[in-house]
Amino acid sequence: MNILAIETSTQACSAALLCDAQVSQRYQVAPRGHGDLILGMIDQLLREADLTPTRLTAVAFGRGPGAFTGVRVAASVAQGIAYAADLPVVPVSTLAALALAGYRHNAYQAVLCATDARMGEVYWGAYQVQQGVVSLLGDECVCRPEAVPVPGPGEWYGVGNGWAVYAGQLPDVLTHVPVAEMTEWLPRAEEVALLAKHEFEQGRTVAADQAVPVYLRDNVAQKKQNYKSLS
C-alpha cells in the first residue's frame, strides 16, 4: 500500500509517503508559500521511493478545519494528482491527526484538540484513541475558547497550538485537563497518512471531484479588524 498524504491547513506545510508500514515525511513551518513548498516535498518523497503517482494506492489530504487558503491548497493538489493518476482520495480531519499525534508520542487516549482559528476562536474536537484508531466524540466545531463543549470527566489531554494561543482561557473552562506537553503542535502529514490507511482499509474513500475541504465557518471570507490570513 502506497499512500501520499498532504497537510497544509495551518502555518505548517508537510507531505508524507506511507509505503506499507514505513512513513517518510517532509515538514516545514512556513506561514506562506504552501503551494510552492508542497509540490517540491511531494516530488522529493516520490523520487526517493522510486515511485510515480500511477503506482500510488491513494492520495490523502488534511481536509480541515484550518486556514481557508491552506485547506484549499491541500484539496486542490490532492485532486490534481488523483485525477491524473485515476486514484481514490481519502479526506482526513486535521484535528483527528492531532489526536493521533498525541497517542503516538505520549500515549494519550482521551484527547482535546484545539488549533488557533484566529479571530479569537479555536477549532475544537474531542477524541478517543485506542490502538491507533481515532474516534470523534460529538462534533468538531469552531468557537470562542470559553465556549468549547466540555466533555465528561476523565483523564483528558490537550493537544494543538490553540492551547498555547489561548492558554489564559481554555484552562479556566476545563480545569480538569492536565497541562499537556504538545501545546505548540500542528497537524502533520505523517498522521494524515496513517489515518488514511485505516480509512482506505474500511473503504472510506471519495472520487477526486468529491475531495472537498471542511471549513466549519459558515462564512469563510469573514474578516475582522486586525485579522490576517495564514496564507
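Numbering (UniProt numbering), first residue to last: 1 to 231.
Just so you know, even glycine gets a beta-carbon here, dropped at the ideal spot from N, CA and C.
Quick check on this structure: which residue in the options has the alpha carbon closest to the alpha carbon of residue i?
i           : options              : result
residue 51  : 184, 159, 17 and 125 : 17
residue 208 : 118, 140, 44 and 82  : 82
residue 89  : 75, 144 and 159      : 75
residue 100 : 189, 171 and 168     : 189
residue 22  : 217, 194 and 213     : 194
residue 45  : 5, 163 and 181       : 5
residue 191 : 93, 97 and 201       : 97
residue 7   : 170, 19 and 95       : 95
residue 116 : 187, 43, 25 and 48   : 187
Provide the residue span of the beta strand (DSSP E) that contains residue i, from first to last.
i           : result
residue 136 : 133 to 143
residue 115 : 110 to 118
Tell me which same chain residues have a C-beta within less than 6 Å of the C-beta of residue i, skipping the five on either side of it?
i           : result
residue 224 : Residue placement at residue 224 is flagged as unreliable, the pLDDT there being 39, under the threshold of 50; the coordinate-derived value follows with that caveat. If we look at residue 224 and ignore the five residues flanking it on each side, its Cβ neighbours are 119.
residue 151 : 126
residue 113 : 95, 98, 99, 125, 159 and 160
Over the uninterrupted alpha helix (DSSP H) stretch that includes residue i, give me the two end residues.
i           : result
residue 103 : 94 to 106
Leaving aside the five residues before and after residue i along the sequence, list all residues of the same chain whose C-beta is less than 7 Å from its C-beta, in chain order.
i           : result
residue 84  : 53
residue 138 : 126 and 149
residue 213 : 63, 64, 71, 72 and 75
residue 121 : 142, 143 and 144
Going by the DSSP bridge assignment, what does residue i pair with across the sheet?
i           : result
residue 130 : 133
residue 125 : 113
residue 17  : 4 and 24
residue 12  : 29
residue 89  : 59 and 206
Leaving aside the five residues before and after residue i along the sequence, list all residues of the same chain whose C-beta is less than 8 Å from its C-beta, in chain order.
i           : result
residue 234 : An answer regarding residue 234 cannot be provided, because it is not within the stretch 1 to 231 covered by the chain.
(message) Could you tell me which whole beta strand (DSSP E) segments of length 3 or greater appear in the region 22 to 73?
(response) 22 to 29 and 58 to 64
(request) Please go through the region 157 to 202 and give each complete alpha helix (DSSP H) segment of 4 or more residues, from N-terminal end onward. (result) 162 to 165, 170 to 173 and 189 to 201
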